[in-house]
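Q: Attaching a single structure in structure tokens format; questions to follow.
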Amino acid sequence: MGLLEGRKGIIFGVANEKSIAWAIAQKLHKEGAELAFTFAGEALEKRVRPLADSLGAKLILQCDVTKDDQIQSVFEQVQSSFGYLDILVHAIAFANKEDLKTDFLSTSRDGFRLAHDVSAYSLTALARQAAPLMQGRPGSILTLTYYGAEKVVPRYNVMGVAKAALEASVRYLAADLGPKGIRVNAISAGPIRTLASAGISGFMEMLHYVEAKAPLRRNVTAEEVAGTALYLASDLSSGVTGEVIYVDAGYNIMGM
Ligand code: NAD
Ligand code: 0WE
8 MGLLEGRKGI IFGVANEKSI AWAIAQKLHK EGAELAFTFA GEALEKRVRP LADSLGAKLI
68 LQCDVTKDDQ IQSVFEQVQS SFGYLDILVH AIAFANKEDL KTDFLSTSRD GFRLAHDVSA
128 YSLTALARQA APLMQGRPGS ILTLTYYGAE KVVPRYNVMG VAKAALEASV RYLAADLGPK
188 GIRVNAISAG PIRTLASAGI SGFMEMLHYV EAKAPLRRNV TAEEVAGTAL YLASDLSSGV
248 TGEVIYVDAG YNIMGM
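Numbering of the sequence shown is given in the working numbering, commencing with residue 8 and proceeding in unit increments.
Given below as structure tokens:
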């Protein structure tokens, strides 16, 4: 008997087979969850659909999280197809590439707004729609964050500020939704090679740096992040909400 037998979930943030969201989806599916998937835009549909199909997903929907009408339509379809929801995985982030190249000081108003809209506000927008469907169920909402939210990581810039807002949003949402039995948590993952990290200059050096400094002397995998996602999605973590859990080979505990 799987840990998530009879549970229904929705995964936001699969772009390809390297996506952290995809590792999480596979792990939740293996434990018996029935999953719905969303993709950000038409260009990604051809990547996401075969992956979602391979897990027998019936719902594969477009959702650009900056569009309220698309968010609403997704949850209407979840409502009519699933009837209820237990798990929401938010694995979405975006900033303009130019804003991840130089310094934070140069961030434009538009760049700041975009990064915060996609990477931070979207969690609240999705949680608000999901909450009524989680009513009376052991609801679990989880998101992905990064160490750059709390310490300066060169070139992470506006994404770090957006992740700080995301982590604070996790605490406020956990307080708002706790009385309904819905838990909200974040996983702070160490650097992992994905589409989102592919174009980042110096990313290889970062992986080597973590390997040299982290207590476990290695980097983490998306599968390890997925293990913690399974814990947070399941009743194993029933007493845990509002937390940021590190899956980073211990990197964050080091002072020097
Ligand atoms: P990824 O590129 O596979 O996933 C990012 C996803 O965000 C993509 O699926 C993309 O389509 C989606 N997205 C971007 N703009 C969107 C929009 N407007 N509407 C809907 N979706 C949108 O990369 P990933 O590394 O798997 O990233 C997933 C999450 O993990 C992100 O929140 C990222 O910040 C976080 N994270 C990544 C790392 C890492 O090193 N890869 C480390 C810590 C945290
Ligand atoms: O959250 C992230 C990356 C998020 C991201 C990536 C991109 C690349 C393509 C957001 N927006 C964009 N926009 C693009 O056009 N990570 C945790 C991975 C990451 O990104 C970094 C890192 C790490 C780690 C950027 C600079 C420094 C470190």
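Heads up, the beta-carbon is just placed ideally off N, CA and C, and yes, glycines get one too.
Just so we're clear, the structure is a prediction, and the values are computed from it rather than from any experiment.
Is T228 helix, strand or coil when you go by DSSP?
A: Coil.
Q: Whose CA, out of V72, L92, Q69, T73, lies closest to the CA of E12?
A: It is L92 whose Cα lies nearest to the Cα of E12.
Q: Could you tell me if the beta carbon of N23 falls within a distance shorter than 8 Å of some heavy atom in ligand 2?
A: Because no heavy atom of ligand 2 lies under 8 Å away, the Cβ of N23 does not count as near it: no.
Q: Among G257, S113, F101, which one has its Cα closest to the Cα of A219?
A: For the residues G257, S113, F101, the minimum Cα distance to A219 belongs to G257.
Q: Starting from I94, follow its DSSP beta bridges and name the residues at the other end.
A: In DSSP, I94 forms a bridge with G16, S147.
Q: Taking D106 as the reference, give the member of L243, V165, L214, F46 with the closest Cα.
A: The option with the nearest alpha carbon to D106 is V165.
Q: Looking at the structure shown, is E250 part of a helix, part of a strand, or coil, going by DSSP?
A: Looking at E250 - three-state DSSP - the assignment turns out to be coil, as it is neither helix nor strand.
Q: Does the beta carbon of L51 fall short of 8 Å from some heavy atom of ligand 1?
A: For ligand 1, at least one heavy atom lies less than 8 Å from the Cβ of L51.
Q: With a threshold of 16 other CB atoms inside 10 Å of the CB of S208, please say whether the residue is buried or exposed.
A: Counting Cβ neighbours within 10 Å, S208 comes out exposed, since fewer than 16 surround it.
Q: Beta strand (DSSP E) containing V191: first to last residue?
A: Start and end: 190–196.
Q: Kindly examine ligand 2 and report whether one of its heavy atoms sits closer than 8 Å to the Cβ of A203.
A: Yes, the Cβ of A203 comes within 8 Å of a heavy atom of ligand 2.
Q: Please classify T201: does DSSP put it in a helix, a strand, or coil?
A: Reduced to three states, the DSSP call for T201 is coil.
Q: May I have the straight-line CA-CA distance separating L121 from N226, to the nearest angstrom?
A: Cα to Cα, L121 sits roughly 30 Å from N226.
Q: Pairs of beta-carbons, one from the stretch 144–154 and one from the stretch 181–201, closer than 8 Å: are there three or more?
A: Because the criterion of three Cβ pairs below 8 Å is met, the stretch 144–154 and the stretch 181–201 touch.
Q: If you draw a straight line from the C-alpha of G20 to the C-alpha of E157, how long is it?
A: If I take the Cα positions, the gap works out to 23 Å.
Q: Using the Cα positions of R162 and M263, report the straight-line distance between them to the nearest angstrom.
A: Taking the straight line from one Cα to the other gives about 21 Å.
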